[in-house]
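One structure is given here, and the rest of the page talks about it.
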Amino acid sequence: MQPPLLVRKSSERKAEVLAEKIIRFLNKLGLFKWYKPMPTNLLAKAMIDSYKMTGNGVTTLKAPDIFMLGSNNNA
597 MQPPLLVRKS SERKAEVLAE KIIRFLNKLG LFKWYKPMPT NLLAKAMIDS
647 YKMTGNGVTT LKAPDIFMLG SNNNA
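For the sequence shown, the working numbering assigns the number 597 to the initial residue and increments by one for each residue that follows.
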């Protein structure tokens, strides 16, 4: 998995919080859409669903595919 910036609940890391705000602002301008911040729970769901679908412990997915897989309710 190759996720973008991960969004964690109650992050105390000031640089992460600042980076998230900057990227979200740039996303609103239509820039860096593939780097849209990703919630950690979505990444976890995508990792589990990927393993269930492939049965393989090694899977390389980039952000758009992770968002699609993690948002899929059928897997």
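A virtual CB, placed ideally from N, CA and C, is assigned to each residue, including glycine.
Counting the other CB atoms within 10 Å of its CB gives S606 a total below 16, which places it among the exposed residues.
Within the DSSP secondary-structure output, P635 pairs in a beta bridge with V603.
C-alpha of V603 to C-alpha of R609: approximately 11 Å in a straight line. For K610, the uninterrupted alpha helix (DSSP H) run begins and ends at K610 to K624, by DSSP.
Taking C-beta atoms under 8 Å as the contact rule, K629 and N623 qualify, at a distance of about 6 Å.
For M664, the enclosing alpha helix (DSSP H) covers residues A659 to S667. Inclusion of P600 and K632 in the CB contact set at 8 Å is warranted, their separation being smaller than that value. Taking all protein chains shown into account, F621 has fewer than 16 neighbouring C-beta atoms within 10 Å of its C-beta and is therefore exposed.
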